[in-house]
Amino acid sequence: MIKPTKNIKMNENKPDGSQTLACVFCRKNDDCPNKYGEKKTNEKWNLTVHYYCLLMSSGIWQRGKEEEGVYGFLIEDIRKEVNRASKLKCCVCKKTGASIGCVAPRCKRSYHFPCGLQRECIFQFTGNFASFCWNHRPVQIVTPNNYRDSLPCTICLEFIEPIPTYSILRSPCCKNAWFHRDCLQVQAINAGVFFFRCTICNNSDIFQKEMLRMGIHIPEKDASWELEENAYQELLQHYEHCDVRRCRCKEGRDYNAPNSKWEIKRCQCCGSSGTHLACSSLRSWEQNWECLECRGILYNSGSFQKSKKHTLPSTNNVAINDCLLEESSPKLPRQSPGAQGKDLLRCVF
Numbered sequence: 001m002i003k004p005t006k007n008i009k010m011n012e013n014k015p016d017g018s019q020t021l022a023c024v025f026c027r028k029n030d031d032c033p034n035k036y037g038e039k040k041t042n043e044k045w046n047l048t049v050h051y052y053c054l055l056m057s058s059g060i061w062q063r064g065k066e067e068e069g070v071y072g073f074l075i076e077d078i079r080k081e082v083n084r085a086s087k088l089k090c091c092v093c094k095k096t097g098a099s100i101g102c103v104a105p106r107c108k109r110s111y112h113f114p115c116g117l118q119r120e121c122i123f124q125f126t127g128n129f130a131s132f133c134w135n136h137r138p139v140q141i142v143t144p145n146n147y148r149d150s151l152p153c154t155i156c157l158e159f160i161e162p163i164p165t166y167s168i169l170r171s172p173c174c175k176n177a178w179f180h181r182d183c184l185q186v187q188a189i190n191a192g193v194f195f196f197r198c199t200i201c202n203n204s205d206i207f208q209k210e211m212l213r214m215g216i217h218i219p220e221k222d223a224s225w226e227l228e229e230n231a232y233q234e235l236l237q238h239y240e241h242c243d244v245r246r247c248r249c250k251e252g253r254d255y256n257a258p259n260s261k262w263e264i265k266r267c268q269c270c271g272s273s274g275t276h277l278a279c280s281s282l283r284s285w286e287q288n289w290e291c292l293e294c295r296g297i298l299y300n301s302g303s304f305q306k307s308k309k310h311t312l313p314s315t316n317n318v319a320i321n322d323c324l325l326e327e328s329s330p331k332l333p334r335q336s337p338g339a340q341g342k343d344l345l346r347c348v349f
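Written out as structure tokens, the structure reads:
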């Protein structure tokens, strides 16, 4: 049975007297999810880890269920890995505790995760979670004749030299799409595996495979914008505003009284424009109504005459069209079909 131990060297006092727990692997107090992953503390065992430090450690495997230990890594296994790493010296900072080793044959470099980031090592968050030192890391091959003048990062739009380096990556599916590594990582964390894709062509399979090879972590989670509370609440709201040129309602354009002439009817095509029944001479809710923009599109597509025959009684066509395209007034004179068409063209264009 494992006994809880006091993590004396891993804690530092803040100015206010409280303690900041350090990761048992890298011994850093930093809480930066984009760089080191989520920082998590198991209070029962007084053990704190960065997710990436734990995940990339070379001598540990996830043997428990997701809710066991820390992220499914058993406490016993974490203790053993910390003990193993205590005998290994980091080739970057020269301190012990280097739990990550380069997987290249005959390479004996070991390092902490933050030190590996500092020396631009590649950590692959897939498969066996391999790590490569700066001499053996994978690279992107681009023929020299493909180099061009400065191009914008397609995420932040800052201009960069289109030369593949550790910090600059190229899309595998769009040859002229270049990214900052940091921009890609932030996007991947926010988008998750379901929405992380090329910003130019929208490809996900080829794009994700290459980004994983080059050390971008793509978490298996929903996009951050879908996890926000009431993220799509606005989709449940009905549009209630009268948009005709001259609204007759004394209570204002936002007034809506169901089952009356002041009930607001939404455009049957877009649903993002509305009118009071009385403001467009609509006799009932059952009558169809299109806003100016949609009516113009219907007319240009050749569907205008067909829609008139099928949606509105012939006796009401003139009055309703007048209300839509000009002003809402019961005193507008009746027009001949030819004149009506001219007015329609004049208003639409």
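Using full-length UniProt numbering, the first residue of the sequence shown is number 1, and each one after it goes up by one.
Virtual Cβ for every residue (Gly too), placed ideally from N, Cα, C.
Per DSSP, reduced to three states, the secondary structure at V49 is strand.
Rounded to whole angstroms, the gap between the alpha carbons of C270 and I264 is 15 Å. When C-beta atoms of the region 64 to 80 are compared with those of the region 107 to 115, fewer than three pairs fall below 8 Å, so the two segments do not count as touching. Out of R245, Y239, S280 and K261, the CA that lies nearest to the CA of S272 is found in Y239. If the five residues before and after C26 are omitted, its C-beta is found closer than 8 Å to the C-beta atoms of Y36, H50, C53, G97, H112, F113, P114 and C115, all from its own chain and listed in chain order. Each residue's CA atom was taken as its position, placing A104 and Y166 some 18 Å apart. With a 10 Å radius around the Cβ and a threshold of 16 neighbouring Cβ atoms, A85 comes out buried. K40: not part of any alpha helix (DSSP H); member of the beta strand (DSSP E) spanning K39 to N42, first to last residue. Of N46, C91 and K40, the smallest CA-CA separation from E67 is found for K40. If you draw a 10 Å sphere on the C-beta of W289, you find 16 or more other C-beta atoms in it, and that means buried. The residues I75, in chain order, have a CB closer than 6 Å to that of G69 in the same chain once the five nearest residues on each side in sequence are set aside. When C-alpha distances from V193 are compared across L169, A177 and E226, the shortest belongs to E226. If the five residues before and after A191 are omitted, its C-beta is found closer than 6 Å to the C-beta atoms of A223, all from its own chain and listed in chain order. The three-state secondary structure of L169, taken from DSSP, is strand. Under the three-pair Cβ rule at 8 Å, the region 206 to 218 counts as touching the region 162 to 179. Residue environment analysis places R246 among the exposed positions, since fewer than 16 neighbouring C-beta atoms fall within 10 angstroms of its C-beta.
Contact annotation, S131 with M214: C-beta distance approximately 13 Å; criterion of less than 8 Å not satisfied.
In terms of Cα proximity to G127, the closest of N300, C133, Q62 and S260 is Q62. DSSP, read as helix, strand or coil, puts F73 in strand. For W285, no beta strand (DSSP E) run applies, since DSSP gives it neither H nor E. By DSSP's assignment, Y111 forms a beta bridge with I100. I218: not part of any alpha helix (DSSP H); DSSP gives it neither H nor E. For the pair L277 and C32, the Cα-to-Cα distance works out to about 56 Å. By the neighbour-count criterion, in which a residue is buried when 16 or more other Cβ atoms sit within 10 angstroms of its Cβ, D205 is exposed.
Rounded to the nearest angstrom, the gap between the Cα atoms of V244 and F159 is 46 Å. With 16 or more neighbouring CB atoms inside 10 Å of its own CB, G101 falls in the buried class.
Between N256 and C291, the alpha-carbon positions lie close to 18 Å from each other. For S150, the secondary structure class from DSSP, reduced to helix, strand or coil, is coil. In this chain, the alpha helix (DSSP H) harbouring R295 covers L292 to N300. Check the Cα spacing between Q185 and each of I163, C201, R137 and F123: the tightest is with F123. With fewer than 16 other Cβ atoms from the protein chains shown falling within 10 Å of its own Cβ, Q118 counts as exposed. Taking C-beta atoms under 8 Å as the contact rule, C201 and W178 fail to qualify, at a distance of about 14 Å. Burial check for I141: the Cβ neighbour count within 10 Å stays below 16, so the residue is exposed. 9 Å or more divides the Cβ of H136 from the Cβ of I155. Under the three-state reduction of DSSP, S131 is assigned to strand.
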